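Q: Yeah, the sequence shown ends on 340 if you go by the numbering used here, and it's all consecutive.
For each residue, glycine too, the CB sits at the ideal point set by N, CA and C.
Everything numeric in this text was worked out from a predicted model, so none of it was measured.
Below you'll find the structure I mean.
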Amino acid sequence: MINPLDIFEITSKVIKIDPQRILADWDKRQMPRFKDSPIGESCKNAIQELLHMTISLGGENRGEIGVRYLDFIEDLRVDDALLYTKIKQLNCQKELLLDHITCVQMPNFEDQFASVFRKRSLEEKKRELMINLLKELKYVDHQNQITMKGRVACGMGMNELIITELVFKNTLRDLQPAEVAALLSCLVFQAQTKKELAEFTLTAKLKEGINKIREVHSKISRVNKLCVGREEELNFGLVEVVYNWASEKPFAEIMELTDVQEGIIVRCIQQLYETISDVRGGAMTVGDPELQSKMEEASRIIKRDIVFAASLYTQREAYFI
């Protein structure tokens, strides 16, 4: 069935075709072994007729081939006063629009239009794939209504999917606040370190937590690749450093554990503070006071000393204000 939005005009020209043969030809060429077969005669004739009309349409040529656009009221006898008024308004707006549109006269307009149309089509396709991803992970239902998981994800500043999954799977429930902070650093740390994960001194709970987070990430990645084709990697390169910092070790001491620059560590812990706040907000949304309390404690133990000290520039600004 033809969508009304796909109809530009109704004309007086009639082309005689054999629709059954055209459809049969189309169905045949959908089969893998016939996909490279030439189109059938009926389909070829219909295409040639339409191409001839398309080339001939425009200006005085339209009348020469006996084609004119039919009027809803006069030709199609549509007896509807409201429709008549709307069509008149539409025609007036169309003429006004055509008088002021100059882009159609620009060089390579067809190429430019095709490029923009393709971009918009890809954006719409990407949106559909993202909705399919959210449905697969139960963030929206089949009526595109946001579920509880979706509401939690909406409150996240970044890494919405994996943080929400960690909250709903209770992955962080049995961990200590320092361990939670250390594990969540994998979501914000983006730099590289020469030290391998196997070289870190980690507790058994941290090692188990890393495996659980990887499992959650793997599940999301599989669905993400199928729907969108994009995947964000985890980086556990600062787990040991953050764990020791959250365990109230001095900054100078944790710097001996890594080759990562001081400024990068400071920025990572500051971003981690925001991520922990997101998890705390998710715990509030689902009604999990235990996790909420744990996140508050995790925020407290990393927000200290030089990492969150105001810079001299900030202090001077505050003083003058």
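Determine the extent of the alpha helix (DSSP H) in which Pro38 is found, giving its start and end residues.
A: 38–48
Q: Out of curiosity, what's the CA-to-CA distance linking Lys313 and Pro196?
A: 6 Å
Q: Tell me whether His236 is buried or exposed, calling it buried when 16 or more other Cβ atoms sit within 10 Å of its Cβ.
A: buried
Q: I need the straight-line Cα distance from Glu155 to Leu185, nearest angstrom please.
A: 17 Å
Q: Can you tell me which of Asn254, Val260, Tyr292, Glu252 puts its alpha carbon nearest to the alpha carbon of Thr222?
A: Looking at the Cα atoms, Val260 is the closest of the given residues.
Q: Can you list, in chain order, the residues of its chain with a C-beta nearer than 8 Å to that of Arg233? Leave out the 5 residues immediately preceding and following it.
A: So the qualifying residues of the chain are Leu253.
Q: When we look at the beta-carbon of Thr190 and count the other beta-carbons within 10 Å, is it buried (16 or more) or exposed?
A: Flag for Thr190 reads buried.
Q: Val171: which of Phe132, Leu116, Ile229, Val298 sits nearest, CA to CA?
A: Val298
Q: Helix, strand or coil: which one does DSSP assign to Tyr158?
A: Assignment of Tyr158 by DSSP, reduced to helix, strand and coil, places it in the coil class.
Q: Find out if the Cβ-Cβ distance for the pair Ile229, Leu180 is shorter than 8 Å.
A: Going by C-beta atoms, Ile229 is not nearer than 8 Å to Leu180.
Q: From Asp98 to Phe91, what distance separates their C-alpha atoms?
A: 9 Å
Q: If you draw a straight line from the alpha carbon of Phe327 to that of Thr212, how long is it in whole angstroms?
A: Note on geometry: alpha-carbon atoms of Phe327 and Thr212 lie some 23 Å from one another.
Q: Quick check on Asn243: buried or exposed, where buried means 16 or more other Cβ atoms within 10 Å of its Cβ?
A: buried
Q: Could you spell out where the alpha helix (DSSP H) holding Ile320 opens and where it closes?
A: 308–321
Q: Taking only three categories from DSSP, how would you classify Ile74?
A: helix
Q: Could you tell me whether the Cβ of Ala172 comes closer than 8 Å to any Cβ of chain B?
A: Although the question refers to chain B, the structure presented lacks it and comprises just one protein chain.
Q: Buried or exposed: where does Glu198 fall if 16 or more other Cβ atoms within 10 Å of its Cβ makes it buried?
A: buried
Q: Buried or exposed: which applies to Asp324, given that a residue is buried once 16 or more other Cβ atoms fall within 10 Å of its Cβ?
A: exposed
Q: Do Ser266 and Tyr292 have their C-beta atoms closer together than 8 Å?
A: no
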